[in-house]
Every structure is written in C-alpha cells, then in structure tokens.
Amino acid sequence: MYKEYRPYRNFLILADMILTLAVFAVMAEPRVHLQSKIVESADILRILVLYVTVFVLWAALFGMTDVYNLAAIQSFSRQWGRFTSSHFLAVFVFGGVLYFTYRDLPRLLVLYFSVANYFVLLFTRYFLTRYLRRALKTVERTNVLIVGTGGDVIDLAKFIMTEHSSIYNLVGFADNDWDCPSPLPSPLIGRLEEVPRLVNNYGIHLVVIALPESRSRQIQNLVNDLGPWPVRIFLIYDLGKVVLLRSEVERFGRSLVIGLREPVIKGAQRLVKRVFDFTASLLLLIVTSPLLAMIWIAIKLDSSGPGIYRSERVGENGSLFEMLKFRSMVVGADKLLDQSMSTDEEGRPIYKLEGDPRVTRVGRFLRRTSLDELPQLLNVLKGEMSMVGPRPEQPFIAENYDIWERERLAVPPGITGWWQVSGRSDLPLHLNFCLDLYYVTNYSLFLDLKILLKTVVVVLRGQGAY
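Per this note's numbering, the sequence shown starts with residue 43, numbered consecutively.
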C-alpha cells in the first residue's frame, strides 16, 4: 500500500550506505596524521576489509531491524526510535568484530565515527521527511475505492484520510449490501457490478476489497472483472479461502491487507535492478550517442516523417507509458495494420510479419540489427522499462489477455527478454508467453545478465529479426 514511498526509501538506503562510508573515511584520515594509524599505509587489503565490514554491518543490521519500514518513511518521529536502537546495535557489533580482528584500531576512532555517523544519518532522515512532505503536495494523489461497507472498513477509511491523505484520495465506497453500523466518511458511489465503470469514470488507481469471506465468489468475480484495468488491488485479510496467484501481506493501519498485484521484484532485488538499469542505460546512451545521431539522419533522408516513433504501451501492473523507437515503417503504418496482419494455426492474430510492406529501406536494416530499439534506453533511464523483461505490449492486445497471461505484467517490461533470446519472432505466440512467465517466476540478477549476454549473440546472428 506504500508504493508511493518506495523511491524515497531507496534513496534513504543509498544515502545511509554512502554517508556511513564517507563518515568513516573522514574520521579515519586525521588519525593517520596524528600517528595513531589505523593500518599501515601499504596494507591495502586491511583497509579494504575495514570498509567492507562497515558497509556490510550497517546494511545488514538496518535491513534486519526494519529501519526502512515504508509505513514510517514519511514520519521523522516514527523513524527516530528504530533508527537509534539499530544504529547503536551496529556500533556494538562493529566493536565486537574489531575486538576479535583489529584490536589495535584506536577506540577513539570508533567513538568519533559512531557519534558523527549517528547525527549525519539522523539529520538525513529529518531533511528527507521535510522534503517528502513538500514533494507529495505537488504529486497527484492516488484515487482509492473501497469495496464493502462492513467490518472494520470505517477504521480503514479514517486511517487513509488522516494518516495518508497526502498520497491517497478516498473517492468513495461500492457495495450491494448496506451493513455499516455508522455513517461512511466518504460517499457510496456504486454497486459491485459497477466497479469497473467506477474505476474508469473516477480514475481509480487502487481498489481495496473489504468483503467478508462468505462473499468469496463475488470477490473472485470482481478481481476477474478488474483484470483489464491498470489498478492495484488489495484485500482485507479475512479471506482465507481465496486463492491468490501473486500476493503480499502487509499491515495497513490496524488491518492486514493482501496485495494481489504487488511487484514480483521488490526490496533489495528491485533496488539492485534499478541501479543496474540506470547505470547501464546512461553509459550506453553516452557511448552510442554518435550512432543515434547517424541513424536519425538516415531515417530522415530515407522517408518523410519523424525519426522517432512513439507508441503507447502497457508497463508493470498495467500502467501506460510512451515507448520510443526509431521509426522503421512508413508514416501512418498503424492505420494499415489490418492489411498486413495474419493469424496463427489457432486463429490468434500475428502482429509482426516477415516481409511487412510497411517497413522502409532503412527500417529493414534497423530491424535486422535491432538498432531500432536503442531509443528505449531513455525509457529505461526514466524507470518506465528495464534492460531485461517481457516486451511491452500495446493496450488493445493486453486488453484481451487471459488471466494467466496477465502475469507477464508483474515485472517491468524490458528491451530484451527470455523469449527474445530463445527464438524471437520465429516462436509461436503461446511459447512467447510461457517464456515470459518463466522469467517472472524465476527472476534473478544472474538471469538478467545471462539474457543480456545471449542477446548480444542473437543480435549478431540476426535470428528471428524482421
């Protein structure tokens, strides 16, 4: 439920680790000049071990003691107690490690470092929470619809409206049965069968289902009806008989909720993937900038129209974004889609054909070499895509997904993916989906690196590219 706070939590993690190492370096340097050396200047390995020890201890203990709890990110007072105890636990463990390893390390250094680091990280939290309050005032709030009017729904609604009004806007309630013992804090705006319409009309981003277990069939039907819509869905945790494909349980106020569409890649894995994507895309954009300019000029000389093609695509959890590519077709190619589209053996449409008459001369070369995909590095840099993941689909195709096919939207879309290195356009459509679902289920950074290396080989061969 605290998705909006995740970028600030990730920033705080990075800031803590960088500042902790910086403070340790600043505190250590004067000791060398005062001839109370930490280590001999030639003992590089020992210096490295000390810095790695500091990094690992603070990162591990802060993570294990829930210092980065999303529910507390916006409140300095709620962060202070947990951070203080965790920090001094890290100092205590660090002192114990030094006792059994580098006992000659000056005790004053540990004292200076622990005190300085505590106040540096504390002030970082203070200024981050102040900035967060100001920043959230300029961000569009997430529209929330609560389905159900019984149980603890009043407490949940009041918690949303008082504790998190800066990020959530409670639009109203939807239910067929009025069993609420007290007035609702927000209007009743529709019935259960009208929820998809309400999502569309009110621009709902998040649906909280607070129906009793006895109405589990209605819950399942509602989840299925919301399948085509890019909304996050949560259930109040009293639904033991509901089967969940992909879920995450967390506390929200005094309620336990189940997120049905929470990201598969989260926590440390998500941070590592985002740092890798940002770094890789930025470096590749810098290195390939002369090539990008040459391709743009070639496209403009070959045919009339823009050099960059922009297309609305479906991202993680159904969110929409504008994907960039070098234009490889004639202008207005989308309007000619029906003329070139065919079907597979099972009658399903095939949208990418070999020998497509809409492709330009330069476009054929770009597609054969996959150079038309290079502008998507900007999408990766912005966080809309990843270097590796299922290919982003067009909205009108994603709208017709079966329930199991929607699972490919559980991770950020990528420039390359598991099915691209396993046959690309030569594979039947249903096998593409299976390979994407394999990636969703088995994600790891190692798998990403493996796919990227295989992508280089596949692109050089030109396999399945047209």
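Note that the Cβ used here is the ideal one computed from N, Cα and C, for glycine as well. Note that the structure is predicted; figures quoted are calculated from it, not measured.
- Message: Measuring straight from C-alpha to C-alpha, what distance separates residue 211 and residue 183?
- Response: Position 169 of the sequence shown, counted from the first residue, corresponds to residue 211. Position 141 of the sequence shown, counted from the first residue, corresponds to residue 183. Approximately 6 Å, taken between the alpha carbons.
- Check whether the segment 195-213 touches the segment 136-153, counting contact only when three or more Cβ pairs, one atom from each stretch, lie closer than 8 Å. Touching, no.
- Please name the residue, chosen from 231, 459, 484, 125, that lies closest to residue 495 on a Cα-to-Cα basis. Along the sequence shown, one-based indexing puts residue 495 at 453. For residue 495, the closest alpha carbon among the candidates 231, 459, 484, 125 is that of 459.
- Per DSSP, which residues does residue 368 bridge with? Please list them. Working through the sequence shown from its first residue, we reach residue 368 at position 326. Looking at the DSSP assignment, residue 368 forms a beta bridge with 350.
- Task: Specify, as a first and last residue, the run of the beta strand (DSSP E) that residue 127 falls within.
- Result: The residue given as residue 127 occupies position 85 in the sequence shown. In this chain, residue 127 is not harboured by any beta strand (DSSP E); it is covered by the alpha helix (DSSP H) spanning 118-142.
- Query: Is the segment 141-150 close to the segment 115-127, with three or more CB pairs under 8 Å?
  - Reply: Because the criterion of three Cβ pairs below 8 Å is not met, the segment 141-150 and the segment 115-127 do not touch.
- Would a C-beta distance cut-off of 7 Å place residue 344 and residue 404 closer than the cut-off? As a working mapping, residue 344 is identified with position 302 in the sequence shown. As a working mapping, residue 404 is identified with position 362 in the sequence shown. Contact flag set, yes.
- What distance in whole Å lies between the Cβ atoms of residue 63 and residue 97, which are believed to be in contact at a cut-off of 8 Å? Translated into positions along the sequence shown, residue 97 becomes position 55. Translated into positions along the sequence shown, residue 63 becomes position 21. Residue 97 to residue 63, Cβ: 6 Å. Contact.
- Item | Runs of beta strand (DSSP E) wholly within the segment 404-470 (minimum 3 residues, chain order) | Every beta strand (DSSP E) of 3 residues or more that sits fully in the segment 404-470 is shown, in chain order, as 428-430, 456-458.
- Three-state secondary structure assigned by DSSP to residue 275: Taking the sequence shown and counting its residues from 1, the one referred to as residue 275 is at position 233. Here residue 275 sits in strand by DSSP.
- Throw me the rounded Cβ distance for the residue 242 and residue 213 pair, which I believe falls under 8 Å. Within the sequence shown, the letter at position 200 stands for residue 242. Within the sequence shown, the letter at position 171 stands for residue 213. Not really, about 12 Å apart at Cβ, beyond 8 Å.
- Task: Let me know the secondary structure DSSP gives residue 232 once reduced to three states.
- Result: Your numbering for residue 232 matches position 190 in the sequence shown. The answer is strand: DSSP assigns residue 232 an E or B state.
- Task: Can you tell me which of the three DSSP states residue 210 falls into?
- Result: To locate residue 210, count along the sequence shown from 1; it is residue 168. Looking at residue 210 - three-state DSSP - the assignment turns out to be strand.
- Sheet register partners of residue 184 (DSSP bridge): Indexing the sequence shown from 1 puts residue 184 at position 142. Partner residues in the beta bridge of residue 184, as assigned by DSSP, are 210.
- Considering residue 226, what are the terminal residues of the alpha helix (DSSP H) in which it resides? Reading the sequence shown from its first residue, position 184 is the one you call residue 226. Per DSSP, residue 226 is not a residue of any alpha helix (DSSP H), being assigned neither H nor E.
- Assigned secondary structure, residue 355 (DSSP; H/G/I helix, E/B strand, else coil): The residue labelled residue 355 in the question sits at position 313 within the sequence shown. The DSSP-derived three-state label of residue 355 is strand.
- Message: Short of 6 Å in beta carbon distance, which residues of its chain neighbour residue 361, apart from the five on each side in sequence? Order them along the chain.
- Response: As a working note, residue 361 is residue 319 in the sequence shown. Hits under 6 Å: 272.
- Task: Look up residue 152 in the DSSP assignment and say whether it is helix, strand or coil.
- Result: Against the sequence shown, residue 152 aligns to sequence position 110. Helix, per DSSP.
- Cβ-Cβ separation, residue 486 to residue 456 (assumed contact under 8 Å), whole Å: As a first step, residue 456 is located in the sequence shown; it is residue number 414 there, counting from the start. As a first step, residue 486 is located in the sequence shown; it is residue number 444 there, counting from the start. 14 Å between Cβ atoms; not a contact.
- Task: Quick one: give me the first and last residue of the alpha helix (DSSP H) that residue 115 is part of.
- Result: Position 73 of the sequence shown holds residue 115. It is not in any alpha helix (DSSP H) - residue 115 carries neither H nor E in the DSSP assignment.
- Message: Contact defined as beta carbons within less than 8 Å: I believe residue 363 pairs with residue 447. What is the distance between those atoms, to the nearest angstrom?
- Response: Here residue 363 refers to the residue found at position 321 when the sequence shown is read from its first residue. Here residue 447 refers to the residue found at position 405 when the sequence shown is read from its first residue. In this structure, residue 363 and residue 447 do not form a Cβ contact; the two beta carbons are roughly 20 Å apart against a cut-off of 8 Å.
- Message: Using C-beta distances below 6 Å, list every residue in its chain close to residue 136, excluding the 5 sequence neighbours before and after it, in chain order.
- Response: Mapped onto the sequence shown, residue 136 falls at position 94. For residue 136, where only same-chain residues beyond five positions count, the Cβ hits under 6 Å are 99.
- Item | Supposed close pair residue 246, residue 187 - CB separation, criterion 8 Å | The residue given as residue 246 occupies position 204 in the sequence shown. The residue given as residue 187 occupies position 145 in the sequence shown. Right, their Cβ atoms sit about 5 Å apart.
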